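Down below is the structure, laid out as structure tokens.
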Amino acid sequence: MNLFLAPIQGMTIACYRNLFSELFGGIDAYYAPFIATADMDKVNPVLLKDIMVENNNKDIKIIPQILSNNGTEFKLFSDVIADMGYNEINWNIGCPFPMVTRKKRGSGILPYPDMIKKLLDIACAGKYTITVKMRLGLENSEEGMRVVEVLNEYPLGGVIIHARTGKQMYTGSVDLDSFEAIASACKHEITYNGDIFTYDDYLRISTRFPYIKNFMLGRGALSNPFLPSAIKGKTIPHEDKMSLLKEFHDGIFSYYKNTLSGDKHLCDKMKEFWRQLSAHTDKDGKLLKRIKKCHNSNDYLEAANQILSSSSMWSDSPIR
1 MNLFLAPIQG MTIACYRNLF SELFGGIDAY YAPFIATADM DKVNPVLLKD IMVENNNKDI
61 KIIPQILSNN GTEFKLFSDV IADMGYNEIN WNIGCPFPMV TRKKRGSGIL PYPDMIKKLL
121 DIACAGKYTI TVKMRLGLEN SEEGMRVVEV LNEYPLGGVI IHARTGKQMY TGSVDLDSFE
181 AIASACKHEI TYNGDIFTYD DYLRISTRFP YIKNFMLGRG ALSNPFLPSA IKGKTIPHED
241 KMSLLKEFHD GIFSYYKNTL SGDKHLCDKM KEFWRQLSAH TDKDGKLLKR IKKCHNSNDY
301 LEAANQILSS SSMWSDSPIR
């Protein structure tokens with residue numbers, strides 16, 4: 001069984017992935033946040049900074065991801081990424097955010113299987129393996145079924161399916177019946193993605209789909225970085241968890257302090273860090289509210305250290 005960390009834009013950057021691997025483990029491959037293609041003759045190296053070899057721990061597997069609806073652009077970027085040493089490229093046709101979907105990118109391309117076919121006709125001529133991350137559809141799962149018929153025509157390395165539609169964003173429930181129908185129709189190796197927040201969630205999904213051997217964790221791992229290792233059967237003593245979280249936090253904070261301009265940007269980034277962790281650390285929401293009010297690094301560190309200094313603050317089960 002393999003566990004993958006989902007690409008979360010603005011969160012799971014190289015620094016985050018490196019620290020996560022070092023401190024928590026349990027993840028077999030880390031999918032980097034998407035690189036959006038553009039109409040250009042040459043790829044700007046700045047766009048590739050996050051996946052540059054020197055920025056990533058050599059001992060962890062990184063899968064670059066591309067957001068595109070144009071085969072020529074996809075292949076241009078993928079060829080450059082392959083020359084960096086990567087042999088697998090993931091195509092994002094699952095991003096649900098309207099600013100992406102209205103451009104027929106991400107899950108916005110799912111109603112247009114002919115566009116998907118056109119891109120793959122060009123992209124599959126490259127010297128790399130293509131995997132796909134998708135949703136059940138943009139509006140409905142019938143779209144996903146039509147997409148899978150197209151994907152079956154190509155030599156893909158696998159398909160990751162988030163069991164929601166794009167229109168759902170991250171609201172409502174995952175649709176396991178539609179996931180099962182689409183997964184069963186797909187001839188490629190399937191990875192399940194969607195709402196694995198606890199070990200019991202993993203057990204329920206893996207029991208229902210015993211043929212699924214790959215699982216992608218997103219918000220569940222960001223809110224509880226101990227979850228992947230727990231699923232893999234590794235026990236981390238409770239008394240060690242807050243010290244690991246502090247080391248994780250301090251590494252993230254130090255990175256952003258050295259790379260961002262001004263306290264406001266720094267505090268905004270760390271507020272998102274705590275928004276993810278608050279499900280396991282902030283029973284009544286008061287500490288998160290305090291962090292949200294911070295506008296300078298001194299006030300922020302005082303609030304954050306109050307949480308990190310108490311071993312009783314961490315709950316293995318979600319508390320909010």
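Using the UniProt record's numbering, the first residue of the sequence shown is number 1, and each one after it goes up by one. Built from N, CA and C at the ideal position, the CB exists for glycine as well. Since the model is a prediction, treat every value here as computed from it, not as a measurement.
DSSP bridge partner residues for ALA129 (one or two, in chain order): Residue identity differs from the one stated: residue 129 is Thr in this sequence, not Ala. BP columns for THR129 point to GLU88.
Any C-beta of chain B under 8 Å from that of ASP282: Absent here is chain B; the protein component of the structure consists of one chain.
GLY218 versus PHE197, PRO96, LEU266 and SER278, residue with shortest Cα-Cα distance: The candidate whose alpha carbon is nearest that of GLY218 is PHE197.
Reduced DSSP secondary structure (H/G/I, E/B, other) of MET265: Going by the sequence as given, residue 265 is His instead of Met. DSSP places HIS265 in helix when its eight states are reduced to three.
Helix, strand or coil at TYR16 [DSSP, three-state]: helix
Range of the contiguous alpha helix (DSSP H) that encloses VAL174: First-last for VAL174: undefined, no H or E at that position.
Where ASP195 falls, given that 16 or more other Cβ within 10 Å makes a residue buried: buried
The alpha helix (DSSP H) enclosing GLY157, as first and last residue numbers: Neither: GLY157 is in no alpha helix (DSSP H) and is coded neither H nor E.
Given 8 Å, three or more beta-carbon pairs between the stretch 218–230 and the stretch 181–192: no
GLY233 to TYR199 span [Cα, whole Å]: 10 Å
Closest residue to ASP50 among MET99, GLU143 and GLN9 (Cα-Cα distance): GLN9
For THR191, the residue or residues it bridges with in DSSP: ILE160 and ASN214
Euclidean distance between Cα positions of residue 330 and GLU247: The question about residue 330 has no answer here: the residues shown for the chain are numbered 1 through 320.
Proximity below 8 Å, CB of LYS133 to CB of MET1: no
ILE60, enclosing beta strand (DSSP E) - first and last residue: Where ILE60 is concerned, there is no enclosing beta strand (DSSP E), given that its DSSP letter is neither H nor E.
Alpha-carbon spacing of ILE190 relative to MET84, whole angstroms: So the two alpha carbons sit approximately 27 Å from each other.
Span separating the alpha-carbon of ASN92 from that of CYS267: 29 Å
Beta-carbon spacing of MET242, TRP314 below 8 Å: Yes, these two residues count as a Cβ contact at 8 Å.
Same chain, Cβ closer than 7 Å to PHE253, five either side skipped, listed in chain order: MET270
Residues bridged to LEU3 [DSSP beta-bridge criterion]: BP columns for LEU3 point to PHE215.
The stretch 154–173 contacting the stretch 119–132, beta-carbon criterion three pairs below 8 Å: yes
Strand pairing of LEU67, partner residues [DSSP]: ALA36
Inter-residue CB distance, CYS15 and GLY251 (contact presumed, cutoff 8 Å): About 7 Å; that satisfies the 8 Å criterion.
8 Å CB neighbourhood of ILE182 in its chain, flanking five on each side removed: Counting only Cβ-Cβ distances below 8 Å, and skipping sequence neighbours, we find LEU136, SER141, GLY144, MET145, VAL148 and ILE161.
Contacts around PRO113, its chain only, beta-carbon distance under 6 Å, and the 5 residues preceding and following it disregarded: ARG146, VAL147 and VAL150
Cα-Cα separation between ASP282 and LEU288, rounded to whole angstroms: A direct Cα-Cα distance of roughly 7 Å separates ASP282 from LEU288.
Distance, TYR86 Cα to PRO120 Cα: Looking at the sequence shown, residue 120 is not Pro but Leu. TYR86 has its alpha-carbon roughly 19 Å from the corresponding atom of LEU120.
Assigned secondary structure, ALA319 (DSSP; H/G/I helix, E/B strand, else coil): As written in the sequence, residue 319 is Ile, which differs from the Ala given in the question. Residue state, collapsed to three classes: coil.
Between the CA atoms of ARG275 and ASP39 - distance to the nearest angstrom: 35 Å
Buried or exposed by the 16-neighbour rule on C-beta atoms within 10 Å, applied to MET169: exposed
Pick from THR165, ARG290 and PHE34 that is closest to ILE89, judged by C-alpha positions: PHE34
Alpha-carbon to alpha-carbon, SER78 and ILE307: 43 Å
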